[in-house]
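So the first sequence is numbered by our numbering: it starts at 410 and just counts up by one.
All C-beta atoms, glycine included, are put in the ideal place defined by N, C-alpha and C.
Please read all numbers here as calculations on a predicted model, not as lab measurements.
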Amino acid sequence: MRTRFPPSPTGFLHVGSLRTALMNHLLSKQTKGSFLMRIEDTDRERLVPGAVENMLKGLAWAGIIPDEGVMLDKNGEVIQKGTHGPYFQSERLDLYRKYADELVAKGHAYHCFCTPERLAEMRKDQEARKQAPMYDRLCLKLSKAEVEAKLGSGDATVSERHVIRMKVPHEKTITFNDDIRGDMRFQGHTVDDQVLLKGDGFPTYHLAHVVDDHLMETDLVIRGEEWLSSLPKHLLLFEWLGWTPPRYAHVPLLLSKDRKKLSKRDGDVAVEEYITKGYLPEVMVNFLALLGWNPGTTQELFTMEELIEQFSLERVQKAGAIFDPEKLDWLQGQWMRKIPVKEFAARILPTVAEKFPAANSDHDFTKKAALIQERITFFHEAPEMLKWFYEEPHVSVELLANEKQKVTAAQLPEIFDALTKILTDVSEKEWTAEGIKTAVMGNLGSFKQGQLLWPLRAALTGLPYSPGAFEVAEALGREKAMERLKAAVAIIS
RNA sequence: GGCCUCAUCGUCUAACGGUUAGGACAGCAGGUUCUCAUCCUGCAAAUCGGGGUUCGAUUCCCCGUGGGGCUGCCA
410 MRTRFPPSPT GFLHVGSLRT ALMNHLLSKQ TKGSFLMRIE DTDRERLVPG AVENMLKGLA
470 WAGIIPDEGV MLDKNGEVIQ KGTHGPYFQS ERLDLYRKYA DELVAKGHAY HCFCTPERLA
530 EMRKDQEARK QAPMYDRLCL KLSKAEVEAK LGSGDATVSE RHVIRMKVPH EKTITFNDDI
590 RGDMRFQGHT VDDQVLLKGD GFPTYHLAHV VDDHLMETDL VIRGEEWLSS LPKHLLLFEW
650 LGWTPPRYAH VPLLLSKDRK KLSKRDGDVA VEEYITKGYL PEVMVNFLAL LGWNPGTTQE
710 LFTMEELIEQ FSLERVQKAG AIFDPEKLDW LQGQWMRKIP VKEFAARILP TVAEKFPAAN
770 SDHDFTKKAA LIQERITFFH EAPEMLKWFY EEPHVSVELL ANEKQKVTAA QLPEIFDALT
830 KILTDVSEKE WTAEGIKTAV MGNLGSFKQG QLLWPLRAAL TGLPYSPGAF EVAEALGREK
890 AMERLKAAVA IIS
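Set out below in structure tokens:
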């Protein structure tokens, strides 16, 4: 099956766009078809330089690489590949013109010379009369001779700055079966005479979509629900041009907490933002796939491969879904913990080494990485979480004493006395988390666990939060741990 | 306003017309090794309202209500 993703290069890659791109990608892969990328650059005023490259990079980050159309080559340059091009709509103007003319010739479209000012006024009137703003078909009343005269008038503002509108049959009922929503019907008289070709010679989305998706042989169009209202226009165009429309699946919109269409105002809607924050691509893909879709089982974690296998439009929700950052973060944690520990260590090593060069020559780095893997959310937190190992801790009485653990400053000498005694008895060979645990737990004396463990851990790390006391002691090694213990004793006495 | 569309815990969602309406996130309460985190256990939490159809509606139909989208020579 051929599916496609046709963004307009007017900015960053929106998470909602990534979601529809993902669905298109999943189904093309599931059916061993192809996924193509087309650029809808028909609005020249909103073009943003670099947007195409940015979007392709965002898709690639998520693991979505187009099979055809606009893509990135090995050097990161934007190229076009495929037999159905060009894939930039701005390079297909002659095509749109040709079909627009055909529609005029067939009587399904007409020239309109109304100025933007007149249209604005017309709409204002209609709204004042509580009517639906629709083109009043003033130019449809023009005779053929009048149209010819205007077109050949030599007055460029009239002959060139005019548009071609579709002539929607008011009496017609347009019906369709959407892959997600089922049967739908629209009454012709509620559909506006949409502009197909603009005054600047560029097509509007509607014409371009129909022409391109026919010529590019798209089998299935998965797009946002915001296009549902325009569907009858597209259906009419396919019919008039004598083409079979593709299958359509209108997916529900992504909503913000206030249930409005997710937009810039709602914070992070740019995929780029999530990349910078350190979210894993697997997490974004997993999260987006689960928004509005479910596998029918209780499985929550999905790889791209599993999604390709299991995704189906039948199980896509009809109602909009709120983008919940908390669930995103939960998924991030799940995926961080799924990374094999060796790989995890390899991924955090560069950032840790940047701050603590010693990490590069640390033979036990993987062991340390393992200690923080279950409590980390983003890779960039790693240096801070491991600093206790690479630099001497700043220990204070305030840190060592802890009310909740029933440790008072006055008790500290006694506590450290006990700790020193216990740990001195632990041999180099027994110096493992397990061995130290056995020693400490077996010699608590009159202390509660927390009364020994909190000061121990705090003395060793200088931190209120860190991996457990025994693990830290093992990681540090007997010599260093005893040194830090001694340093702490010096501070409290 | 008009048109289109949607409706189960706070959120994402499950449930051949028959279930004590299930799971997950978040929340709360416990537990494991002191903290943080993980993990485990438990608790709380929903079928928008009204009519039908039916022996029986979350499920089918109608009407409300509420939400969303569109209503551009934007996409």
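Remark: C-beta atoms of Ile-748 and Ala-778 do not approach each other more closely than 7 Å.
Only residues of its own chain outside the window of five on either side were considered, and among them none has a CB closer than 7 Å to the CB of Glu-714. Listed in chain order, the non-local C-beta contacts of Tyr-544 below 7 Å within the same chain comprise Arg-574, Asp-601, Asp-602, local neighbours out to five positions each way being set aside. Counting along the chain, no beta strand (DSSP E) covers Thr-492, and no H or E run does either. Within a 10 Å sphere around the beta-carbon of Asp-834 sit fewer than 16 other beta-carbons, which makes this residue exposed. Ile-474 counts as exposed, since fewer than 16 other beta carbons sit within 10 angstroms of its beta carbon.
If only uninterrupted beta strand (DSSP E) runs of at least 3 residues are considered, those enclosed by the stretch 649 to 714 are 656 to 660. For Ile-824, the number of other beta carbons within 10 angstroms of its own is at least 16, and it is reported as buried. Collapsing the DSSP output to three states places Pro-792 in a helix. Counting the other CB atoms within 10 Å of its CB gives Pro-458 a total below 16, which places it among the exposed residues. Taking the Cα positions, Leu-662 is about 7 Å away from Ala-730.
Trp-470 is positioned such that its CB atom lies closer than 7 Å to that of Ile-684. DSSP lists Gly-591 as the bridge partner or partners of Asp-587. Between Gly-610 and Gly-516, the alpha-carbon positions lie close to 20 Å from each other.
Just so you know, the alpha carbons of Glu-486 and Leu-465 end up roughly 10 Å apart.
Taking the Cα positions, Asp-622 is about 29 Å away from Pro-704. With contacts defined by Cβ atoms closer than 7 Å, Lys-559 and Phe-522 form a contacting pair.
Judged by DSSP in its simplified three-state form, Met-410 adopts coil rather than helix or strand. Taking the Cβ atoms as the reference, Pro-802 lies roughly 17 Å from Ser-902, outside the contact range of under 8 Å.
7 Å or more divides the Cβ of Ala-762 from the Cβ of Thr-775. Looking at the DSSP output, Met-464 sits in no beta bridge, so it has no partner there. The C-beta separation of Asp-476 from Phe-444 comes to about 5 Å, placing the pair in contact by the 8 Å criterion.
Taken in chain order, the whole alpha helix (DSSP H) runs of length 4 or more contained in the stretch 507 to 538 are 525 to 537. Nearest to Ala-842 by alpha-carbon distance, out of Glu-807, Val-881, Val-806, Ala-827, is Val-881. Arg-546 carries a coil assignment under DSSP once its states are collapsed to helix, strand and coil. The beta carbons of Gly-871 and Leu-832 sit about 18 Å from each other, so the pair does not count as a contact at 8 Å. For Val-881, the enclosing alpha helix (DSSP H) stretches over residues 878 to 885. Look at the beta carbons and you see the stretch 418 to 432 touching the stretch 678 to 697: at least three pairs across the two are nearer than 8 Å. Beta-bridge annotation (DSSP): Arg-632 is paired with His-659.
Sixteen is the threshold: since fewer than 16 other Cβ atoms of the shown chains lie within 10 Å of the Cβ of Tyr-874, the residue is exposed. The beta carbon of Glu-626 sits closer than 6 Å to those of Arg-411, all from its chain and outside the five residues before and after it, given in chain order. The beta-carbon separation of Ser-426 and Asp-450, rounded to 15 Å, does not stay under the 8 Å limit for a contact.
When the five nearest sequence neighbours on each side are left out, the beta carbons in the same chain lying within less than 6 Å of the beta carbon of Met-432 are those of Ile-631, in order along the chain. Setting aside the 5 residues that flank it on each side, Ala-791 is surrounded in the same chain by Ile-757, Thr-760, Val-761, Ile-781, Ile-785, each with a C-beta closer than 7 Å to its C-beta; the list follows chain order.
Excluding five sequence positions before and after Val-479, the CB atoms of its chain that fall closer than 6 Å to its own CB belong to Met-446, Ile-448, Gln-489, Tyr-496, given in chain order.
Taking the Cα positions, Ser-437 is about 39 Å away from Ala-541.
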